[in-house]
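Below: the structure, in structure tokens.
Residue numbers (my numbering): -4 to 523.
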């Protein structure tokens, strides 16, 4: 059953008297902000153009059967009001008007998908108000040993490495122990709400995966620490100048290729690991590239020839059968196309991965080189004659085994396929693709979006208040390019057309230079 849109409020320029909480009413009639039957019980404080509303009603706790919002997200469902209050007032309401506004102004979409970072890890030190991160809500801690929590813990601090040697566990079962404290959690208990992710297993798994005798503190730092604003000046500038999503999760609690496939096709088609099928002509299914071509829109898949990620278009048999493999081109062509005003309707960019001198921000690469790529892409778009009709989406494929304090929610299965793997404990675990993965940084970058705006939870087409996720891109592209949702997961995902303004604004000409701080563990250079 759909939840009512939270904070269904009338915003006044002079006061907050007409603003009342209406969250959790599950479809009942609302009058003056009070539901006709008992609902959620939260004490809320919110901002109305810098003022505090006079009174806020409280309700009973949300029912555990409200499966589309995880327990960890219930405390933030209310934040949609803050988003409305912070808006410049230039937006269309959700629905057809917002879609038409997006179509009128956005003619080309550029998607850059980076690698393996959680929201808390990359944006944990950002100071912008409204961000749900360690700077504002920490410190956050994990025990060294899940079986002996009294044996000590490590708490994340604002000091992180440009590159690390020990890639955290981000397999499906690795995410399980990091989220739920076990490799083989009960799927039934997760669905019923009996088992809730507490995000306490990140340090334990990093110590298990690598030799804890090397340096227990360093291994803990790798997964728990976060970047200060001055360490990531490029991303800091994006936070301050464009839209940052507070709650954006990967589609799958697993590794790179299944998540990248989900970004372009809405499903990994039963794959939960980076297996050999993720190669040229590996899949006969339909993805965004075929859908765009069939509707008369052009596209290109720009990729770094060093390799390591994608190119996703090459995974589809259709790309070669239809003669569209010539649209998979070197990343240098992107800069040429941007300068010439020749970018297609849809561009996806694959950074290089995964060694030290690569650009994807993979843990074993350099964050600073990834920032350099982001700056290059932004600067090229900003200087392009197409800038005022461009949407640049910067996101990540998955959270990479790095700590994040916000647990992922449940989500509809995209299909009836499952994935089974043998865990380090020797048990088989079957994943049903019925919940999201870790929380990741995601930005909307365009002269048509607000400056320094934090977007919280989204509202999907069924009226449910849920987290954004990777398939929100497909849902929004569907509205922009008239593509029907591929499956129930895409249909369920909230879109973000409401975030585009009706008037263009000035934007920064260039992003700052990346800072190659190259802070590493002292023993890094001696590692083989």
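Note that the Cβ used here is the ideal one computed from N, Cα and C, for glycine as well. Owing to the predicted nature of the structure, the values given are computational and were not obtained by experimental measurement.
**Prompt:** Buried or exposed: which applies to residue 332, given that a residue is buried once 16 or more other Cβ atoms fall within 10 Å of its Cβ?
**Reply:** buried
**Asked** Are residue 376 and residue 385 close, meaning C-beta to C-beta below 7 Å?
**Response** yes
**Message:** Let me make sure I understand the geometry here. Which of 124, 307 and 367 has the alpha-carbon closest to that of residue 344?
**Reply:** 307
**Request:** Please state whether DSSP places residue 390 in a helix, a strand or coil.
**Result:** strand
**Asked** Thinking C-beta only, is residue 217 closer than 7 Å to residue 161?
**Response** yes
**Asked** If we count the other Cβ atoms within 10 Å of its Cβ and call it buried at 16 or more, is residue 433 buried or exposed?
**Response** buried
**Asked** Name the DSSP beta bridge partners of residue 136, please?
**Response** 150
**Prompt:** Using DSSP with H/G/I as helix, E/B as strand and the rest coil, what is residue 499?
**Reply:** coil
**Request:** Within its chain, find whatever has a CB closer than 6 Å to the CB of residue 159; leave out the 5 residues flanking it on each side and keep chain order.
**Result:** 217 and 358
**Prompt:** Buried or exposed: which applies to residue 244, given that a residue is buried once 16 or more other Cβ atoms fall within 10 Å of its Cβ?
**Reply:** buried
**Message:** According to DSSP, simplified to helix, strand and coil, what is residue 239?
**Reply:** Correct three-state label for residue 239: strand.
**Request:** Using 10 angstroms around the beta-carbon of residue 100, count the other beta-carbons present and answer buried if the total reaches 16, otherwise exposed.
**Result:** buried
**Request:** Select from 282, 467, 437 and 253 the residue whose C-alpha is nearest the C-alpha of residue 271.
**Result:** The candidate whose alpha carbon is nearest that of residue 271 is 253.
**Request:** Confirm, please, whether the CB-CB distance from residue 356 to residue 110 is below 7 Å.
**Result:** yes
**Asked** Counting along the chain, where does the beta strand (DSSP E) carrying residue 204 start and finish?
**Response** Element bounds for residue 204: not the beta strand (DSSP E) but the alpha helix (DSSP H), 197 to 204.
**Request:** Starting from residue 323, follow its DSSP beta bridges and name the residues at the other end.
**Result:** 296
**Asked** Can the beta-carbon of residue 215 be found less than 7 Å from the beta-carbon of residue 397?
**Response** no
**Prompt:** How big is the Cα-Cα spacing for residue 453 and residue 462?
**Reply:** Roughly 6 Å separates the two Cα atoms.
**Prompt:** How is residue 424 classed by DSSP in three states: helix, strand or coil?
**Reply:** strand
**Inter-stretch contact (C-beta, 8 Å, three-pair minimum) for the segment 416 to 431 and the segment 136 to 143** = no
**Request:** Quickly, what does DSSP pair residue 430 with across the bridge? List them, please.
**Result:** Its beta-bridge partners are 405.
**Item:** Status (buried if at least 16 other CB within 10 Å, exposed otherwise) for residue 425
**Value:** exposed
**Item:** Cα-Cα separation, residue 261 to residue 388
**Value:** 17 Å
**Asked** With C-beta atoms as the reference, is residue 234 less than 7 Å away from residue 121?
**Response** At a Cβ-Cβ threshold of 7 Å, residue 234 and residue 121 count as neighbours.
**Message:** Looking at the secondary structure, which residues open and close the beta strand (DSSP E) in which residue 104 lies?
**Reply:** 103 to 109
**Message:** Comparing C-alpha positions only, which one of 257, 378, 182 and 197 sits nearest to residue 400?
**Reply:** 197
**Item:** Between the CA atoms of residue 478 and residue 205 - distance to the nearest angstrom
**Value:** Straight-line Cα distance between these residues: approximately 45 Å.
**Message:** Quick check: what's the CA-CA separation for residue 465 versus residue 312?
**Reply:** If you take the alpha carbons of residue 465 and residue 312, they lie about 23 Å apart.
**Spatial distance of residue 289 from residue 278 (CA atoms)** = 18 Å
**Asked** DSSP on residue 86, reduced to helix/strand/coil?
**Response** strand
**Item:** Close Cβ partners of residue 507 (< 7 Å) along its chain, the five nearest in sequence each way excluded
**Value:** 228, 229 and 232
**Request:** Tell whether a beta-carbon distance below 7 Å holds between residue 195 and residue 169.
**Result:** no
**Item:** Option nearest residue 226 by Cα separation, candidates 392, 407 and 367
**Value:** 367
**Message:** Please classify residue 132 as buried or exposed, where buried requires at least 16 other C-beta atoms within 10 Å of its C-beta.
**Reply:** exposed
**Message:** For a quick check, are the C-beta atoms of residue 443 and residue 495 less than 7 Å apart?
**Reply:** yes
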